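Everything on this sheet refers to the single structure shown next.
Chains as they are written, first to last, in UniProt numbering: chain W, 1 to 515; chain U, 1 to 442.
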């Protein structure tokens, strides 16, 4: 600190007769000030010095310029689209984002530069959208992501239109890349050369940490065969629990393995199918006493200790075994087997197990009968939460088949929310029309209903599900003004719900026409 | 001609976030009846708890709505502007209804009246002797106040800045109150500003000393006003607290017509008073101007400006030496996208401009910084932002909550033309011109 400032801090009362110099050109001026007015002269000198410094502001040349972003290969979308996109990063409009991004990708455009910070921030907190966002970030987005650790996910994505082709630097990425990149490389290699992929993993196995081993092991699910059995069986004895569980899940796809054979034997001893001309029956016999070996057989991985009941392990077993096993063991068609659930008191729980099993083993010929039974006997009689597996099965069905299964639910307004959760968007024009007709009847004939089954999040889903040709019809319904004489608080809520729905539909229309 | 307005510009016009959000919800065509526009205005009727009539004069973006809201622009006015930004096709060109014509006529008559007043001065001037008397009385009060301020400043520096209480800001406000009593409002404001400096940064003593010194220079200058040229006398009087009425500014200030780039805006708050600063740059004259507007609490500002656009307009500067503060006289034309380049080639050249301005008006605190081919830099190790010129010299950017990611994204490491406000320590970005074609507000 220079003497001039020090004098100001301690006070001129403590200073010598002569005031300190500033060691600048100001001193010449200061010398003309009256010495007897020490404080005044000091203040005027300080004022002049401040202006002097302000006028000669120093710049720094020490900053390193960043590397420039590489040239773009895709054009940015129009500035009007940029304005539209910015609005989609705020709830409730975020539900429209996937469709907007997909349209942007199809049109061969990238996200414009000014929207990139919002985009990267959104992808950071919403990892499920990263795979859609990453290819649209362009070189500028990947360049920008290097500056913030939480944005690094953007540069880790292998952006490639042909997701199964290995990039030229595949081996380097496998050796030196991030975990996400290594997963991607291993999965791609697995689709091309499963044995080579397994060899790569075996070579690094001992050097990796347990959680990395578990993550990479799951990549072997694609193209899994008997050839992988030895390696996976070894992983069952891994010291890491996450690795053992991952190996157990993989082995389920190798039915000839001894571990799966033991699982099947345990399950077979508990479930039987009794044919009858009146009503086929499923007979469930739970063991009275079970030990750790018995549980290990179902878990496949070794358990340290376990206090769960035999009923829990029974459901676990059914959820792990391919439904085709029951088809061949009892020599019955899927529909016949599922029909036998009817009289069983555990039927509703078993259907969920079977849906999980069908989803796990991609047993597509079971999808339709399973979902039909599920809709008829579970969803139509209760408001049981819908699991991920059921949604995935609906997504795997042909849209017309899925819509046909769900159509009966439209007759009951309390159940009509389920298609919004189960039926993937976009719906067909005819199903959209049926749904909207039901919805119109509902809000016009039940104006005082407080829409308890239509919470905002669910209702907003309608905006993304409808066929584009039905959006005007939906807008007409959403523009319905509810009776003014209804002064109940819930009227305001209903009106706000409809208003927000109309806004979403309007924005979706803009997405469809402008992007 | 249709108005060209963007969502960003509309959002910047909103008095607060809640009004902006409410306005956005009203941006659907279904909310509007009899929507239309012509060369002068945009209008529409919005169904709320009643049918509200909204009209917007396009050249000045002045809004008027029949709703009872005290926030201006209200959500209905913003809703109509959002509709215009999002769905321009929803607004047909046509003849305005009577309620729009009558409003436009009324506005035109008021503007005419203002223009007449501006050119002729007030119709009823108080008697010269009475004015002289009150001026002399005020001058006496101010001189007494300044004498008292000088004593206080000298006491402060005699005892040393180290003796200042760590937390209390009382002494600054007490002294400011004395300056208010002395009718030296400019000095009072300067003292209030200083209350935030002690113990706020490692080099606060140096900063405070500079401010106190400049205040002493101002009081000294006021004592010897006759030594300065008339324009600088105007500056000194203004800084002390002699304000001018708008009509006086019109009468005595310099009028300049140009295509003005509306480069950006910032609003600050001091004790519930909001100050809005809008920076302009004249395409033809190369001059900068700062439009200041003041409002108490949530009261609206009087005028809206099409930020990020250029508009042919006449402004008038406050009288002074190398004046900076100005107000609009006329904005008859529609705003357009900014066309053309601007800025100094290097930071050295910009600071030479700063030095020139300070030589003419030494108390100036903020400067419009226009820099060609500038590159933003983020030092991730120290979490600091900089702006570099094309020869590699750099200055820090102001630390803000939102940081400067949009600026960095727009640059991508490439140079762009930068507009910002230099406060003597760091640059506050206002906007950038990318590829010499598109201006983005920051």
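Glycine included, C-beta positions come from ideal geometry on N, C-alpha and C.
Because the structure is a prediction, the values reported are computed rather than measured.
Within a Cβ cutoff of 7 Å, which residues of the same chain sit near residue i, ignoring the five residues on either side of it in sequence?
i	result
residue 396 of chain W	364 and 367
residue 161 of chain W	Because residue 161 of chain W sits at a pLDDT of 48, beneath the cut-off of 50, its placement in the model cannot be relied upon, and the point is left open.
residue 195 of chain W	227
residue 150 of chain W	124
residue 239 of chain U	186, 218 and 363
residue 398 of chain U	426, 427 and 428
residue 415 of chain U	373, 374, 375 and 390
residue 55 of chain U	41, 43, 64, 100 and 103
residue 316 of chain W	298
Just to confirm my understanding: we take residue i, look at its own chain, exclude 5 residues before and 5 after, and list those with CB closer than 6 Å. What are they?
i	result
residue 178 of chain U	none
residue 335 of chain U	306, 309 and 311
residue 393 of chain U	347
residue 33 of chain U	45
residue 22 of chain W	4 and 49
residue 170 of chain W	185
Any beta carbon from chain W within less than 9 Å of residue i's own beta carbon?
i	result
residue 6 of chain U	yes
residue 388 of chain U	yes
residue 85 of chain U	yes
residue 128 of chain U	no
residue 351 of chain U	yes
residue 393 of chain U	yes
residue 379 of chain U	yes
residue 75 of chain U	no
Can you find a C-beta in chain U that's less than 9 Å from the C-beta of residue i?
i	result
residue 229 of chain W	no
residue 139 of chain W	yes
residue 36 of chain W	no
residue 127 of chain W	no
residue 254 of chain W	no
residue 404 of chain W	no
residue 508 of chain W	no
residue 89 of chain W	no
residue 130 of chain W	no
residue 443 of chain W	no
residue 161 of chain W	Low confidence applies to residue 161 of chain W: its pLDDT is 48, below 50, so where it sits in the model is not reliable, and the reading given next is rough at best. Chain U contact via Cβ: absent.
Based on the DSSP secondary-structure assignment, which residues constitute the bridge partners of residue i?
i	result
residue 110 of chain W	W:76
residue 288 of chain U	U:281
residue 384 of chain U	U:379
residue 260 of chain U	U:282 and U:311
residue 394 of chain U	W:60 and U:388
residue 446 of chain U	Past the boundaries of the shown model lies residue 446 of chain U; chain U is included only from 1 to 442, so the question cannot be answered.
residue 418 of chain U	U:371 and U:432
residue 495 of chain W	The partner list for residue 495 of chain W (beta bridge, DSSP) is empty, contrary to what the question assumes.
residue 84 of chain U	Beta-bridge pairing links residue 84 of chain U to no other residue.
Going by beta carbon distance, what residues of the same chain come within less than 8 Å of residue i, once the five residues before and after it are set aside?
i	result
residue 379 of chain U	385 and 386
residue 355 of chain W	370, 371, 374, 387, 389, 390 and 393
residue 10 of chain W	none
residue 442 of chain U	264, 404, 406, 407, 429, 430, 431 and 432
Can you check which of these residues, the options, is closest to residue i by C-alpha distance?
i	options	result
residue 249 of chain U	U:327, U:54 and U:61	U:327
residue 164 of chain U	U:329, U:140, U:197 and U:377	U:197
residue 29 of chain U	W:499, W:512 and W:515	W:499
residue 421 of chain U	U:130, U:314, U:137 and U:278	U:278
residue 51 of chain U	U:181, U:59, U:57 and U:35	U:35
residue 77 of chain U	U:113, U:25, U:105 and U:94	U:25
residue 461 of chain W	W:91, W:191 and W:322	W:91
Measuring from the CB of residue i, is there a heavy atom of the ligand FAD at a distance below 8 Å?
i	result
residue 35 of chain U	With respect to small molecules bound, the structure shown includes none, and the ligand FAD cannot be examined in it.
Inset, instruction - Could you please tell me which residues of the segment 66 to 77 of chain W, in chain order, have their CB closer than 7 Å to any CB of chain U? - result: Contact annotation: in the segment 66 to 77 of chain W, residues whose CB is within less than 7 Å of a CB in chain U are 66, 67, 68 and 69.
Legend entry - Contact list for the segment 108 to 122 of chain W against chain U, Cβ threshold 7 Å: Correct list: 113, 114, 116 and 117.
Inset, instruction - Closer than 8 Å, Cβ to Cβ, to anything on chain U: give me those residues from the segment 47 to 59 of chain W, in chain order. - result: Within the segment 47 to 59 of chain W, the residues whose Cβ lies closer than 8 Å to some Cβ of chain U are 47, 48, 49, 50, 51, 53, 54, 55, 56, 57 and 59, listed in chain order.
Legend entry - Interfacial residues, the segment 487 to 503 of chain W to chain U, with Cβ spacing under 9 Å: Those would be 499, 500, 502 and 503, in chain order.
Inset, instruction - Give the residues from the segment 193 to 213 of chain U that approach chain W closer than 7 Å (Cβ to any Cβ), ordered along the chain. - result: Here the close residues are 205, 206, 209, 210, 212 and 213.
Legend entry - Residues of the segment 265 to 296 of chain U with Cβ closer than 8 Å to any Cβ of chain W, in chain order: Residues: none.
Legend entry - Contacting positions in the segment 402 to 425 of chain U - beta carbon closer than 7 Å to chain W: Within the segment 402 to 425 of chain U, the residues whose Cβ lies closer than 7 Å to some Cβ of chain W are 405, 406, 408, 409, 410, 412, 413, 414 and 424, listed in chain order.
Legend entry - Residues in the segment 11 to 42 of chain W having any Cβ partner in chain U nearer than 9 Å: Here the close residues are 11, 12, 13, 14, 37, 38, 39, 40 and 42.
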